[in-house]
Amino acid sequence: MTEFRGRDIVSIADFSRQELDYILKTTDGIEDLAKRKPDLIRGKTCAILFFEPSTRTRLSFQAAVQRLGGFVLDMSEPRTSSIEKGENLTDTIRVVQNYADVIVLRHPLEGSARLAAEVADVPIINAGSGAEEHPTQAMLDLYTIMREMGSIDGLKVALLGDLRYGRTVHSLASALSLYDVKLYLVSPETLRMRREFVELARQRIEVQEFESLEPILKDIDVLYVTRIQKERFADPAEYAKLKGYYKITAETVRKMKPNAIIMHPLPKVDEVAPEVDLMPQARYFKQVYYGLLTRMALLALVLGAL
Amino acid sequence: MTEFRGRDIVSIADFSRQELDYILKTTDGIEDLAKRKPDLIRGKTCAILFFEPSTRTRLSFQAAVQRLGGFVLDMSEPRTSSIEKGENLTDTIRVVQNYADVIVLRHPLEGSARLAAEVADVPIINAGSGAEEHPTQAMLDLYTIMREMGSIDGLKVALLGDLRYGRTVHSLASALSLYDVKLYLVSPETLRMRREFVELARQRIEVQEFESLEPILKDIDVLYVTRIQKERFADPAEYAKLKGYYKITAETVRKMKPNAIIMHPLPKVDEVAPEVDLMPQARYFKQVYYGLLTRMALLALVLGAL
Amino acid sequence: MTEFRGRDIVSIADFSRQELDYILKTTDGIEDLAKRKPDLIRGKTCAILFFEPSTRTRLSFQAAVQRLGGFVLDMSEPRTSSIEKGENLTDTIRVVQNYADVIVLRHPLEGSARLAAEVADVPIINAGSGAEEHPTQAMLDLYTIMREMGSIDGLKVALLGDLRYGRTVHSLASALSLYDVKLYLVSPETLRMRREFVELARQRIEVQEFESLEPILKDIDVLYVTRIQKERFADPAEYAKLKGYYKITAETVRKMKPNAIIMHPLPKVDEVAPEVDLMPQARYFKQVYYGLLTRMALLALVLGAL
């Protein structure tokens, strides 16, 4: 297997199933390891370089670094930074790597993480680039499924909501296609996953598309809900109609298998009714914790601490 | 006495005199203790979750966590965070507690800290909610009085300025009413403390209200000054008049008892003349340091480190 | 020599050549020392108090503090801080020193760092004040020259670009005048260095002014490039013309001595062509790393850790 020390985490497509399994296994052991060795990455600095807001992912990486005993350099204010002065990403990376042993990058442009990885002497972890890549989210999603369901192989997984603009679902669909799963894509016509992602997944696994959850609700093991954003619709009435249609309520959940699980990349707004939060199927807050563990594992791996 | 480990600090009204005394005593010892044991909360993470700007309180908590050897997760940019995406406070708390062992919360809405405490599995420390609660400020105010005057009982304490909109004075009046003090409330008619707070205090201690400091200036032991904000007045002329009327100058101080003290929650603007800063009665910068100690004590207590 | 413990770093003009040499020597040893003793300033807190945006300098100081084992208190959001409420700098300093053992200050007003140093009981490090002072930048520039060229004495140094408004070049010219260098100031007529700075340097060393690099390009050992900002010109056509005229390309570099070096305070925009970044003369990214070392040395010195 490829050595992980010094490796960039740019796209989920760069990883084989064997490598993903190794990451999942490492994640499974990192909690205990960090308790026994709280200074696993002592003296190492992780720069968090976010050109887009993201409380969730930022906090998750910060907490991961701290729990491994490393330092955080937070550079998350594009509005008050040199970037405003017109500096290009290449220069920013060449500067920041003087301060850091690993750089976690979020950037609105497609390809930015790949470019950064080419320029940087230190490993780059892509924390979201453009609309297509969010590899650490996909890894934590895999880990959540594995940990909560015991295994990923053999499951029926539905992705619900905005499958067109959400980078989370693109990376996740790609990751899932390395496992023996049936993938259901459930979205309004206008928010269907782009053809190239669907075709890519179909080369490896069975993928079916639906406009409603109804036909598959009783069968699925994992329901992955995403938010439908108002901004995607020219017609507010159209948005209002769809929003209600894709909302998960207690009634929806009661129709699911008792041991099925509901995931969500968060933040959620009203696509999941509050009463669902307290039902045993809801695992999205656990998912947050598993994200912390996944990022700890990734940081420890690329920094060569394992 | 109630155990402090795991306890929420939501409202000053939740604490008995015995408990406040215990906090004051703990605060008194925390400086030495932290010097001897700089890793008192080693491995613990404190999330600072501020939905309103507050340099002072934020820095105070950050410094307190660091001096106890803990980690800080700072989430203080509501404008660039998930909150903008419409996430509710309940979800935010359920997410953040995955990363933190204690959450320090500041929020503009009344009742927000109570709600957070109900939702959270980790202790919540209220760092200001709505216009009414700021319990850690009241505790540090008590500690300042105790440390600078030797005791709180038997003192005459005047609160001056905007007693209507300042959350600091509400929590402080409530705390002081557990001690044997005479409380003087000095404010313009339009900025008098709300009746319910005055009545509450009157059930326990003597409370008198004034529109001017003059009648009591010679008698008081503690003068607690607060800022009168321009925004509270429709008529700028009215503001200008009042502002000058409640300004503390060297002349004011010279009329006070020589061992009286002047406190202020800071930041101050021009309600205290700069020459007062250098007079021995001015204790507001010391008060800042006592705030650091108080927050160290509270964090150590709720995290069960003492 | 003056003791460095507790000393303010306000203006480069406060330092003798002997003192600067001592700082350079300390910087030279700090990397190894920090590796052997990663907790050189353990338990000490450094407040980073920036009233102007500056990713670069802020990160540099943060990283420096962490590599010495100290705590960072970051107070870098003037827009969301007490400063907005009208608090003056004096009060802010008196508050922040309760939390910190050293304060790193950046402020847009001339004289602000000097004022802060007078008020504060803890050392102040000026990280840029007004248009004239940026002493730690000058020190890291000196260190870069010394480390890359072996010595500063005997060199021919050209400062290029906006010499009127850039605080970097003022502090650097002042620092260089303590060494045996020939100083060439190359700028458009409208952006010439202010007379008082030129006269000051001329009292000690040879200073020549040019409007073009051409006459000296073959002779210089160090080319220090700065950005020409569009905002300085009323006439965009004038700006466009000058910008191109002062741009460093591969062709420019090929005319220089093979062992000459190019420096830049960064961020750069388009005053240096991207192809230059990869030429051996370009040292501006190394300069960033030397800045980290210089700030580590300064922090260790003023905190008395050496």
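Protein chains in written order, with the numbering used here: chain A, 1 to 306; chain B, 307 to 612; chain C, 613 to 918. Glycine included, C-beta positions come from ideal geometry on N, C-alpha and C. Model, not experiment: these values are computed from the prediction.
(message) Could you check whether V186(A) and L160(A) sit closer than 8 Å to each other, using their CB atoms as the reference points?
(response) Between L160(A) and V186(A), the C-beta spacing is below 8 Å.
(message) Am I right that D450(B) and R589(B) are in contact with their C-beta atoms under 8 Å? What's the rounded C-beta distance?
(response) Correcting the residue identity first, residue 450(B) is Thr in this sequence and not Asp. At roughly 6 Å, the Cβ-Cβ gap stays under 8 Å, so T450(B) and R589(B) are in contact.
(message) Can you find the residues in the same chain that come closer than 6 Å, C-beta to C-beta, to H570(B), ignoring five residues on each side of it along the sequence?
(response) V531, Y590
(request) Would you kindly work out how many angstroms separate the C-alpha atoms of I635(C) and A909(C), rounded to a whole number? (result) 7 Å
(message) Is the beta carbon of R167(A) closer than 8 Å to that of A131(A)?
(response) yes
(request) Would you decide whether L293(A) is buried or exposed? Buried here means 16 or more other CB atoms lie within 10 Å of its CB. (result) Only buried fits L293(A), as 16 or more other CB atoms lie within 10 angstroms of its CB.
(request) Quick one: list the residues of chain B neighbouring M687(C), beta-carbon separation under 8 Å, in chain order. (result) T361, L365
(request) Measure from the alpha carbon of M751(C) to the alpha carbon of each residue in M687(C), S724(C), S789(C), then state which is nearest. (result) Measuring from the Cα of M751(C), the nearest candidate turns out to be S789(C).
(request) Could you tell me the distance, in whole angstroms, from the CA atom of K341(B) to the CA atom of L915(C)? (result) 18 Å
(request) Would you identify the three-state DSSP class for Y796(C), choosing helix, strand or coil? (result) strand
(message) What would DSSP say about K768(C), mapped onto helix, strand or coil?
(response) strand
(request) Mind reading off the beta-carbon distance from A712(C) to T639(C)? Whole number of angstroms is fine, and I expect it under 8 Å. (result) Actually they are not in contact, since the Cβ atoms of A712(C) and T639(C) sit about 23 Å apart, beyond 8 Å.
(request) Tell me, please, whether the CB atom of G244(A) is closer than 8 Å to any CB atom in chain C? (result) no
(message) Using only the alpha-carbon positions, how far apart do D765(C) and V834(C) sit?
(response) 12 Å
(message) Spatial neighbours of Y290(A) within its chain, please: C-beta separation below 7 Å, excluding the five flanking residues on both sides.
(response) The answer, listed in chain order, is L140, Y143, T144, R147.
(request) Output the distance between the C-alpha atoms of K462(B) and Q593(B), rounded to the nearest integer angstrom. (result) 18 Å
(request) Show which residues of chain A have a CB atom less than 7 Å away from the CB atom of L904(C). (result) N98, Y99
(request) Would you check if there are 3 or more beta carbon pairs closer than 8 Å linking the segment 840-857 of chain C to the segment 812-822 of chain C? (result) no
(message) Is it buried or exposed, E745(C), if we count other Cβ atoms within 10 angstroms and call 16 or more buried?
(response) With 16 or more Cβ atoms within 10 Å of its Cβ, E745(C) is classed as buried.
(request) Confirm, please, whether the CB-CB distance from F367(B) to A426(B) is below 8 Å. (result) For A426(B) and F367(B), no; Cβs fall outside 8 Å.
(message) Could you tell me the alpha carbon to alpha carbon distance between E84(A) and V102(A), rounded to whole angstroms?
(response) Confidence is the limiting factor: at E84(A) the pLDDT is only 48, short of 50, which leaves the residue's position unreliable and the question unanswerable from this model.
(message) So for M263(A), helix, strand or coil by DSSP?
(response) strand
(message) Just verifying my parser: in three-state terms, what is the DSSP assignment at T80(A)?
(response) Because the pLDDT of T80(A) is 45, which lies under 50, any placement of that residue in the model is unreliable, and the question is left without a value.
(request) Just the C-alpha distance for T496(B) and L469(B), rounded to the nearest angstrom, thanks. (result) 9 Å
(request) Pick out whichever of A606(B), V575(B), K524(B) has its Cα sitting closest to the Cα of P564(B). (result) K524(B)
(request) Have a look at A625(C) and S786(C) and give me their C-alpha separation to the nearest angstrom. (result) 7 Å
(message) Could you check whether the Cβ of D427(B) sits closer than 8 Å to any Cβ belonging to chain A?
(response) no
(message) Which residues in chain C have a C-beta closer than 7 Å to the C-beta of G43(A)? List them in chain order.
(response) P650
(request) Tell whether a beta-carbon distance below 8 Å holds between V410(B) and L355(B). (result) yes
(request) Output the boundary residues of the alpha helix (DSSP H) element that contains L790(C). (result) No alpha helix (DSSP H) holds L790(C); DSSP gives it neither H nor E.
(request) Under 8 Å Cβ to Cβ from S387(B), same chain only, skipping five residues before and after it: list those, please. (result) Residue confidence for S387(B) is low, a pLDDT of 48 falling below 50, so the modelled location carries little weight and cannot support an answer.
(message) Helix, strand or coil for G370(B)? Go by DSSP, reduced to three states.
(response) The question names Gly, but residue 370(B) in the sequence shown is Ala. Helix.
(request) Determine the contact status of V622(C) and R706(C), defining contact as a CB-CB distance below 8 Å. (result) no
(message) Output needed in chain order: residues of the segment 555-573 of chain B with a Cβ under 7 Å from some Cβ in chain C.
(response) For the segment 555-573 of chain B, the beta-carbon criterion of a distance under 7 Å to any beta-carbon of chain C is satisfied by L572, P573.
(request) Answer with buried or exposed for Q678(C), where buried requires no fewer than 16 other C-beta atoms within 10 angstroms of its C-beta. (result) buried
(request) In the DSSP assignment, find the beta strand (DSSP E) that holds D74(A) and state where it starts and stops. (result) In the DSSP annotation of this structure, the continuous segment of the beta strand (DSSP E) that includes D74(A) starts and ends at 71-75.
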